[in-house]
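Accompanying notes for the structure given below.
2 protein chains.
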Amino acid sequence: MELDDRKLKILQAIIKNYLETGEPVGSRTISKYTDLNLSSATIRNEMADLEELGYIIQPHTSAGRIPTDKGYRLYVDTLMQEKVDEVNNMRDDLLEKADRMENLLQQVAKMLAANTNYATMVTTPKYRSRKIKFLQLTDVDEYQVLAVIVLEGNIVKNRMFRSDVALVKEDVLKLNLALNTFLQGLDIEEINIGLVQKLKTQVGAYQELVSEILDAIATAIQEEGDIRVYTSGATNILKYPELSDMNKARDILSTLENKEELTQFVENGDIKPDEKRGIQVYIGDENKVDSMKDCSVVTATYEIEEGIYGKVGIIGPKRMDYERVVGTLQNMMGQLDDIFKNKKP
Amino acid sequence: MELDDRKLKILQAIIKNYLETGEPVGSRTISKYTDLNLSSATIRNEMADLEELGYIIQPHTSAGRIPTDKGYRLYVDTLMQEKVDEVNNMRDDLLEKADRMENLLQQVAKMLAANTNYATMVTTPKYRSRKIKFLQLTDVDEYQVLAVIVLEGNIVKNRMFRSDVALVKEDVLKLNLALNTFLQGLDIEEINIGLVQKLKTQVGAYQELVSEILDAIATAIQEEGDIRVYTSGATNILKYPELSDMNKARDILSTLENKEELTQFVENGDIKPDEKRGIQVYIGDENKVDSMKDCSVVTATYEIEEGIYGKVGIIGPKRMDYERVVGTLQNMMGQLDDIFKNKKP
DNA sequence: TGTTAGCACTCCATAATGATGAGTGCTAAC
DNA sequence: GTTAGCACTCATCATTATGGAGTGCTAACA
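Those protein sequence lines, which keep their order, are chains D and E. At position 217 of the first sequence (counting the first as 1) the number is 208 in the working numbering, and the numbers step up by one without a gap. At position 71 of the second sequence (counting the first as 1) the number is 62 in the working numbering, and the numbers step up by one without a gap.
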């Protein structure tokens, strides 16, 4: 049996209707609301075929049909027409509140959640290597010193340290110089014990302080390598009855709260930010995260600079409005491109 | 009618039982599980009295009784015996992960949620005034400059700026000096237009940059004045059937997600961190936040240094295990005291 | 006077029953 | 190939019965 044009049209109609209502859709509905001019009986025959082909399924005998994962897949791959997103200038709103990367991303999550009525996630970009650009020690008072660590890509970290011995201004300057000569341009792996020893011989009374600082640098770099995830609109999940079942809801919400599992969507090797801005759709069982098996997740990839990517994700029921979501995401990716190209924040 | 000793004992028994089961409790249960040696009939008479006094209520005729808000209130005020918290050394776990304030507080929220099975919130401390201790400009490359702003209390903020004109190293140093002489020790209100103009006359070509920096300082101080709220264990709410009703759950969870309303618990004037470490209990309608009218919230106050407070809160059903929660909170406040006194992080 | 046993009564929860209606598959006719 | 018609299935909803938990009241008892 083949998927002829008519079958496709019927399938499309079924899915579209189901996306709207969430109820199984029957033959009479299709017969009335399409321009095919076919009786419900004919539609029934076609629907039987579509069921045999695995695109739709009956939740029980004598109920209408609902799409299977395979049906949804066909739909997002070939059948749907993307909607152009009407919310087109989010950019200004975005910039207004977002003075820093962290806030920007949180804001992106929030706006997407508000616009789509689904749950959203945004990951921080994943860097490949983190080298030390420079660091700077400043004495804050007699016993405290502030270390500002600047990593390649202008990531800035700061730590406050307390010294057991009183600090001498000139010594801090010297220490600063020594640390910079030794560490500038180094990656974390390159800071080995030999180097540390060598450095320590040069710093006299401040050995303790130096180890603390080195530790801090290590964790700072480490920390920046970690991907953080911001979420928003988690409670939107409860708007969809098929997910509001106590157990499902709890699972999904706690995944969103704990975030660790969400990074799985980033780790997916197949980033291709070229075509369609790297938008990918994971339907039901296609999700690797267990709690999401009843959801669909749409992810998009944003690029901060050459080779440095982060992901944006929308999490909703399988019957989510794919067209709108994809449109909104494409739009948002455009806005982000603008922002990062102009490097305003 | 008076609340005699026997009535108190019965009330206590009713509440205790209800805290455990969440089911209305009947006269026979009390008759069996207390050492009062009274028949169910006698208990019934007493219960009728207690109902008349407003401490308990019947959800419907011929059901057992459940405590009213007034009943709970009496219970937490006089009847309960605090449990000593068995989880007594959280301190080490806490320090391990918490290299910075932000992480520490997040971690506190997490641990409390794990220990209590309720939702938790932790607010950042509220400072009264924020003065500039010093700031430091560093040229990162030809067009970019990093400003590190250190506020009183060693709050460190950093911003990156881009200049339109190429930067000269000596100019940056001069700028640094000028900014510091003008701004050191100033509060945000003290940075007025007159001062800004005066400053601008001194900086030659960098007027643009200076306004940007001043803006950044203003928002940085502002930002630090804002109270942020960390939450954890929001999904624990769904473990309690009386809160799992779709609408209630959505309301509570979105309050937890959006956080704004939660700061109301901080704004409460009556902070008295002395007795009992400032633990306060808000039962049902005593909560100002609408979505929490079916919950109880227990808050505690931690003190970072003289006069600088933050709050920790536990949010659960009205039948929460008050004894345990209060115990756990007291313990946690102790741990935090330790940490802040020793100023490790 | 306080306590208790006994009994009628109330009301929730649960299961069983039946009616309704949406939707199907199949067959026969167009 | 398409359609009308019909018997059939099954979820949903309202209705009804049944059991049990718990009460309030009364009368008897210590």
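Where a beta carbon is used, it is the ideal one built from N, C-alpha and C, also for glycine.
In the three-state DSSP reduction, P232(D) falls in the helix class (H, G or I). Uninterrupted alpha helix (DSSP H) stretches at least 4 residues long and entirely within the stretch 137 to 198 of chain D occur at 160 to 174 and 184 to 192, given in chain order. Looking at the DSSP output, D(-5)(D) sits in no beta bridge, so it has no partner there. No Cβ-Cβ contact shorter than 9 Å links L320(E) with G224(E). Per DSSP, F331(E) has no beta bridge partner at all. A straight line joining the alpha-carbon of A169(D) with that of L186(D) spans about 12 Å. Distance from the CA atom of I1(E) to the CA atom of M38(E), rounded to whole angstroms, is 8 Å.
S282(D) is bridged by DSSP to nothing; it lacks a bridge partner.
In the displayed model, R19(E) falls within a helix according to three-state DSSP.
Note: P50(D) is not bridge-paired with any residue in the DSSP secondary-structure output. Here the alpha carbons of L174(D) and I243(D) stand approximately 44 Å from one another.
If you look at K61(D), you'll find it in the alpha helix (DSSP H) that goes D60 to L65. By the neighbour-count definition (other C-beta atoms within 10 Å, threshold 16), M112(D) is a buried residue. When DSSP states are grouped into helix, strand and coil, Q72(D) belongs to the coil group. Residue-level contact check: E277(E) does not touch chain D, since none of the beta carbons of chain D fall below 9 Å from its beta carbon.
Interface residue (Cβ-Cβ distance to chain D less than 9 Å): S235(E) is classified as such. In chain order, Y293 place their CB closer than 6 Å to the CB of L327(D), counting only its own chain and leaving out the 5 sequence neighbours on each side. Using a Cβ-Cβ cut-off of 9 Å, G304(E) does not count as an interface residue toward chain D, since no Cβ of chain D sits closer than that to its own. In the structure shown, K101(D) adopts helical secondary structure according to DSSP, grouped into three states.
Around E73(E), the same chain offers E314, V317, G318 and Q321 as residues with beta carbons nearer than 8 Å, after the five sequence neighbours per side are excluded. Between E258(D) and K309(D), the gap from beta carbon to beta carbon reaches 9 Å or more.
For N149(D), the chain E residues whose C-beta falls within less than 8 Å of its own C-beta are V139, V147 and N149, listed in chain order. By the C-beta criterion, the stretch 295 to 309 of chain E is judged to be in contact with the stretch 112 to 128 of chain E, since at least 3 inter-stretch pairs fall below 8 Å.
Sequence-distant partners of T20(D) (beyond 5 residues in either direction) whose C-beta falls short of 8 Å from its own C-beta, in its chain, are N8 and G55. By the beta-carbon neighbour count (other beta carbons within 10 angstroms, threshold 16), R150(E) is buried. For I243(D), the enclosing alpha helix (DSSP H) begins and ends at M237 to N249. The beta carbon of V163(E) sits closer than 8 Å to the beta carbons of L128, T129, D130 and V136 from its chain, once the five residues preceding and following it are set aside; these are given in chain order. In the DSSP assignment, A39(E) falls within the alpha helix (DSSP H) that extends over S31 to E43. In the structure shown, E296(D) falls within a strand segment according to DSSP collapsed to helix, strand and coil. Taking all protein chains shown into account, A100(D) has 16 or more neighbouring C-beta atoms within 10 Å of its C-beta and is therefore buried. Going by beta carbons, I6(E) and S22(E) fall outside the 9 Å limit. Going by beta carbons, E215(D) and D155(D) fall outside the 9 Å limit.
What T319(D) touches in chain E, judged by beta-carbon distance under 8 Å, is nothing: the nearest beta carbon there is about 20 Å away. As a beta-bridge residue in DSSP terms, V272(D) pairs with V289(D). Of all alpha-carbon atoms in L(-1)(D), N36(D) and I123(D), the one lying nearest the alpha-carbon of Y63(D) is that of L(-1)(D). Beta-bridge partners assigned by DSSP to M112(E): T222(E) and G304(E).
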